[in-house]
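In our numbering, the protein residues as written are 19 to 431. Glycine is no exception: its CB is placed at the ideal position from the N, C-alpha and C atoms. Before any comments, here is the structure.
Structure (structure tokens):
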């Protein structure tokens, strides 16, 4: 089946807002067994919208259009749709009743401004909007089904899930089954990951492998599709197991899990406590830990000791050590971890110190130099890293690496 999408709005073509609607539509349709063939973005120009609808209607069996259904002067999608389908624009009584109900909750003065949203192409079928004033609508143009939805993401998604996808499933009786699995990898480059998973793809079984960089992790996307649901599921399971074996040591999560949620689950399972001492990451590791509900069960405390004075006062780092080795060194990172563990009484203490840039680097310790240390019951260790990127990228990968340290340490307990 050939499906296309059109996203409408000057803010999209000017780059002021990222179009997430087309991605969400494609994702949901893909899960339902349908593939989107093309995406098109146009601005708030009536002739451009009309031409886009006509063109894709002539090439597709279904087109899903988002945006331009509001009450303002630049909301002209309904007019363009009417012209594309050679229909008049008329007052739709069902849409009018909906607008009256919704605007009544906002106050009577809101209604005249929103009445425009009840003007739809003649013969259009209303698509209910449970959460907003703008109804969607469905009409046909030649042999193509056209679906028009609001551009507001939460409204669009609900209408897509509750009305559009069920309609498509009923009309086209799709029997193509598609299943996906995402393996999340940290450490090797995209090219290295590609080499590691050679042989996982199985075209004869309908299994493909794709890669996506989601800095600083690599996503390995496994897809299986076919006409038999059980065979598709089994093929995906086989590919997933094969990929896991090849990615051992680097694979940290799958599908909706994250490095943060995985570490949280390990802390709960192992029953140990944590404290943090951060410098260059400025609390980013602590944020990752506390973003997960229930982290108070194992996270005792964290400090950001940005200055040397703070390191000495809070963590009891030796002034002589700071003078001789410098704040960015394995020795100071170890002292920070030990001091944090002594201060908090936690089972594990992790410390991060480094140079995030853009200034502060030297030939010996360039920008991107980061030391991570961990103190636990079995002793202390530290490692030096040389990260690349701007200040935010260095801080991001440093905090991610710290989380991976915790993951690996907890797995070893």
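Which residues in the same chain have their Cβ closer than 7 Å to the Cβ of residue i, if we skip the five residues on either side of it in sequence?
{"i": "residue 422", "result": "204, 270 and 277"}
{"i": "residue 128", "result": "For residue 128, the pLDDT reaches just 48, beneath the cut-off of 50, and the residue's location in the model is therefore unreliable, although a value from the coordinates is still provided. 121, listed in sequence order."}
{"i": "residue 311", "result": "none"}
{"i": "residue 257", "result": "218, 220, 225, 240 and 242"}
{"i": "residue 186", "result": "52 and 80"}
{"i": "residue 106", "result": "100 and 140"}
{"i": "residue 212", "result": "229"}
{"i": "residue 434", "result": "The question about residue 434 has no answer, for the chain in this structure spans 19 to 431."}
Count the other CB atoms, across all protein chains shown, that sit within 10 Å of the CB of residue i; report buried if there are 16 or more and exposed otherwise.
{"i": "residue 37", "result": "buried"}
{"i": "residue 17", "result": "Because the chain here runs from 19 to 431, residue 17 falls outside it and cannot be looked at."}
{"i": "residue 217", "result": "exposed"}
{"i": "residue 32", "result": "exposed"}
{"i": "residue 408", "result": "exposed"}
{"i": "residue 139", "result": "buried"}
{"i": "residue 126", "result": "Reliability of the predicted coordinates at residue 126 is poor, the pLDDT of 49 falling under 50, and no value is obtained from them."}
{"i": "residue 35", "result": "exposed"}
{"i": "residue 170", "result": "buried"}
{"i": "residue 406", "result": "exposed"}
{"i": "residue 395", "result": "exposed"}
{"i": "residue 314", "result": "exposed"}
{"i": "residue 287", "result": "exposed"}
{"i": "residue 119", "result": "exposed"}
{"i": "residue 49", "result": "exposed"}
{"i": "residue 447", "result": "For residue 447 there is no data in the structure shown, the boundaries of the chain being 19 and 431."}
{"i": "residue 296", "result": "buried"}
{"i": "residue 365", "result": "buried"}
{"i": "residue 90", "result": "exposed"}
{"i": "residue 158", "result": "exposed"}
{"i": "residue 381", "result": "exposed"}
{"i": "residue 109", "result": "exposed"}
{"i": "residue 189", "result": "exposed"}
{"i": "residue 96", "result": "buried"}
{"i": "residue 376", "result": "exposed"}
{"i": "residue 400", "result": "buried"}
{"i": "residue 207", "result": "exposed"}
{"i": "residue 274", "result": "exposed"}
{"i": "residue 88", "result": "buried"}
{"i": "residue 76", "result": "exposed"}
{"i": "residue 160", "result": "exposed"}
{"i": "residue 104", "result": "exposed"}
Would you kindly check if the distance between the Cβ of residue j and the Cβ of residue i is under 8 Å?
{"i": "residue 84", "j": "residue 20", "result": "no"}
{"i": "residue 420", "j": "residue 390", "result": "yes"}
{"i": "residue 317", "j": "residue 308", "result": "yes"}
{"i": "residue 264", "j": "residue 214", "result": "yes"}
{"i": "residue 345", "j": "residue 360", "result": "no"}
{"i": "residue 150", "j": "residue 173", "result": "yes"}
{"i": "residue 302", "j": "residue 413", "result": "yes"}
{"i": "residue 393", "j": "residue 371", "result": "no"}
{"i": "residue 306", "j": "residue 417", "result": "yes"}
{"i": "residue 113", "j": "residue 98", "result": "no"}
{"i": "residue 329", "j": "residue 354", "result": "yes"}
{"i": "residue 272", "j": "residue 202", "result": "yes"}
{"i": "residue 238", "j": "residue 261", "result": "yes"}
If you drop the 5 nearest sequence neighbours on each side, which residues of the same chain put their C-beta closer than 6 Å to that of residue i?
{"i": "residue 24", "result": "58, 70 and 83"}
{"i": "residue 415", "result": "234 and 405"}
{"i": "residue 116", "result": "153"}
{"i": "residue 374", "result": "298, 409, 412 and 413"}
{"i": "residue 304", "result": "294 and 320"}
{"i": "residue 223", "result": "253"}
{"i": "residue 363", "result": "none"}
For residue i, which residues in the same chain have their Cβ closer than 8 Å to its Cβ, ignoring the five residues on either side in sequence?
{"i": "residue 46", "result": "175, 178, 179 and 183"}
{"i": "residue 429", "result": "284"}
{"i": "residue 402", "result": "348, 387, 388 and 389"}
{"i": "residue 384", "result": "373 and 404"}
{"i": "residue 168", "result": "84, 85, 87, 88, 147, 150, 152, 154, 174 and 177"}
{"i": "residue 398", "result": "352, 355, 356, 391 and 392"}
Examine the ligand GDP and report whether any of its heavy atoms sits within less than 7 Å of the Cβ of residue i.
{"i": "residue 344", "result": "Absence of the ligand GDP from the depicted structure is noted, as is the absence of any ligand whatsoever, leaving it without description."}
query = When the Cβ atoms of the region 70-78 are set against those of the region 52-61, are three or more pairs found closer than 8 Å?
reply = yes
key: Segments assigned alpha helix (DSSP H), at least 4 residues, entirely inside the region 193-224   = 208-214
ask   = Where in the region 139-196 do unbroken runs of the beta strand (DSSP E), each at least 3 residues long, occur, reported from the N-terminal end onward?
value = 143-145, 154-159 and 162-167
message = Does the contact criterion of 3 or more C-beta pairs under 8 Å hold for the region 168-184 versus the region 140-149?
response = yes
query = Is there contact here, the region 249-264 with the region 282-300, by at least three beta-carbon pairs under 8 Å?
reply = no
query = Are there three or more Cβ pairs, one per stretch, closer than 8 Å when the region 228-247 is compared with the region 194-212?
reply = yes
query = Touching or not, the region 223-235 and the region 286-294, by the rule of three or more beta carbon pairs under 8 Å?
reply = no
message = Please give me, in chain order, every unbroken run of the beta strand (DSSP E) with length at least 3 that falls completely inside the region 246-332.
response = 269-272, 292-296 and 317-322
inquiry  = Threshold first: 4 residues or longer. Then list the alpha helix (DSSP H) segments lying entirely within the region 21-74, N to C.
reply    = 28-31 and 39-49
request  = Entirely within the region 342-402 and at least 4 residues each: give me those alpha helix (DSSP H) ranges in chain order.
outcome  = 348-362
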